[in-house]
Amino acid sequence: MSETLVRALSALRAPAEQSGPPTPDGADVTYLIEPTAVGELLLATRRDGVLLACAYATSAALAGAPGVLRRLAARVSPRVVRGQGPGLDEVRRQLEEYLAGRRRAVQVPFDSVLATPFQRQVLTGLSGVGYGQRISYGGLAHDIGRPGAARAVGTALGTNPLCLVIPCHRVVAASGELAGYAGGLEAKQWLLDLESSGGAG
105 MSETLVRALS ALRAPAEQSG PPTPDGADVT YLIEPTAVGE LLLATRRDGV
155 LLACAYATSA ALAGAPGVLR RLAARVSPRV VRGQGPGLDE VRRQLEEYLA
205 GRRRAVQVPF DSVLATPFQR QVLTGLSGVG YGQRISYGGL AHDIGRPGAA
255 RAVGTALGTN PLCLVIPCHR VVAASGELAG YAGGLEAKQW LLDLESSGGA
305 G
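Residues in the sequence shown are numbered consecutively from 105, following my numbering.
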């Protein structure tokens with residue numbers, strides 16, 4: 105990792121001497137790492153409270169939290185601060201309720217700025233797959249008008265910057281078996297089992 109990149113990442117982290125999260129004054133993006141039942145999630149919002157990222161903090165495909173932070177700094181603003189910012193409490197509350205089976209969707213304003221154009225197409229198609237439903241990679245490729253692009257769909261979902269908000273765990277292999285997931289197959293199975301149990305109405 106280059107010295108310049110190391111310095112840039114250090115600037116994104118909370119200063120070690122502070123006992124609590126920094127005040128996000130002047131920040132364009134605020135983020136935190138939230139422990140959940142399916143692993144640690146990096147949640148980031150814009151200064152207007154719009155969600156920009158809900159990504160697994162250890163995702164290899166996204167290069168973990170540092171990779172997400174680099175993309176936020178490059179695509180949104182270099183003023184990225186760790187702390188309690190606008191909209192984060194609401195995202196955390198809804199995630200907690202969803203993972204406890206008390207709600208069927210995380211419904212917060214979001215911006216897919218971290219997604220590529222093809223990813224946006226895939227995620228838009230995925231938004232039609234409801235709670236407790238499943239679709240194959242090939243089926244999703246067909247639905248977005250890209251038959252034969254099942255592998256590309258899988259790659260796009262592997263770097264979904266809005267996991268759980270746009271639930272990519274609902275996409276499985278044509279055989280019904282579980283395939284790759286940024287949070288790991290155990291987390292994917294846990295989420296599918298949660299939704300299979302019915303959850304909240």
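Ideal Cβ placement from N, Cα and C applies to all residues, glycine included. Keep in mind the model is a prediction, meaning the values are calculated, not measured.
Spatial neighbours of residue i within its chain, please: CB distance less than 8 Å, with the 5 preceding and 5 following residues excluded, ordered by chain position.
i, result
"Gly232", "Asp247"
"Asp215", "Arg150, Val154, Leu155 and Leu156"
"Gly302", "Gly205 and Gly236"
"Arg250", "Gln225, Ala256 and Val257"
"Gln293", "Leu282"
Could you check whether the Cβ of residue i sits closer than 8 Å to any Cβ belonging to chain C?
i, result
"Glu144", "The question asks about chain C, but that chain is absent: this structure has only one protein chain."
Could you give the distance in angstroms between the alpha-carbon of residue i and the alpha-carbon of residue j?
i, j, result
"Val142", "Gly130", "32 Å"
"Leu176", "Gln225", "20 Å"
"Leu218", "Arg179", "7 Å"
"Gly243", "Val257", "10 Å"
"Gln198", "Gly252", "36 Å"
"Pro190", "Cys158", "15 Å"
"Ile270", "Gly171", "20 Å"
"Arg186", "Thr140", "18 Å"
"Leu296", "Asp132", "35 Å"
"Ser163", "Ala291", "12 Å"
"Leu109", "Gly234", "Low local confidence applies: a pLDDT of 33 at Leu109 is under 50, so the model's placement there is unreliable, with the coordinate-based value given in what follows. The alpha-carbon atoms of Leu109 and Gly234 are separated by roughly 40 Å."
"Gln188", "Gly168", "20 Å"
"Pro221", "Glu200", "30 Å"
In chain order, what residues of the same chain have a beta carbon less than 6 Å from the beta carbon of residue i, not counting five sequence neighbours either side?
i, result
"Tyr202", "Val210"
"Gln223", "Ala260"
"Ile137", "Glu144, Leu146 and Ala161"
"Gly229", "Leu244, Asp247 and Ile248"
"Asn264", "Cys272"
Compute the distance between the beta-carbons of residue i and residue j, then report whether it is under 8 Å.
i, j, result
"Gly205", "Leu282", "no"
"Ala286", "Leu173", "no"
"Ser240", "Ala277", "yes"
"Arg274", "Arg238", "yes"
"Val212", "Val195", "yes"
"Leu227", "Leu266", "yes"
Is residue i buried or exposed, if buried means 16 or more other CB atoms sit within 10 Å of its CB?
i, result
"Arg255", "exposed"
"Gly280", "exposed"
"Leu289", "exposed"
"Pro328", "This structure leaves residue 328 out entirely; the chain is present only between 105 and 305."
"Thr127", "Low local confidence applies: a pLDDT of 44 at Thr127 is under 50, so the model's placement there is unreliable, with the coordinate-based value given in what follows. Counting Cβ neighbours within 10 Å, Thr127 comes out exposed, since fewer than 16 surround it."
Where DSSP assigns a beta bridge to residue i, which residues make up the other side?
i, result
"Glu144", "Pro139"
"Leu155", "Thr149 and Phe214"
"Arg186", "Tyr135"
"Val276", "Ser240"
"Tyr160", "Leu145"
"Leu266", "Cys158"
If I measure Cβ to Cβ from residue i and keep anything under 7 Å in the same chain, skipping five residues before and after, which residues do I get?
i, result
"Gly100", "The shown model of the chain, from 105 to 305, leaves out residue 100, and the question about it has no answer."
"Leu192", "Thr134, Leu136, Leu147 and Thr149"
"Asp152", "Pro190"
Between residue i and the ligand MN, is there a pair consisting of the residue's CB and a ligand heavy atom that are separated by less than 7 Å?
i, result
"Gly205", "For the ligand MN, the structure offers nothing, since it holds no ligand at all."
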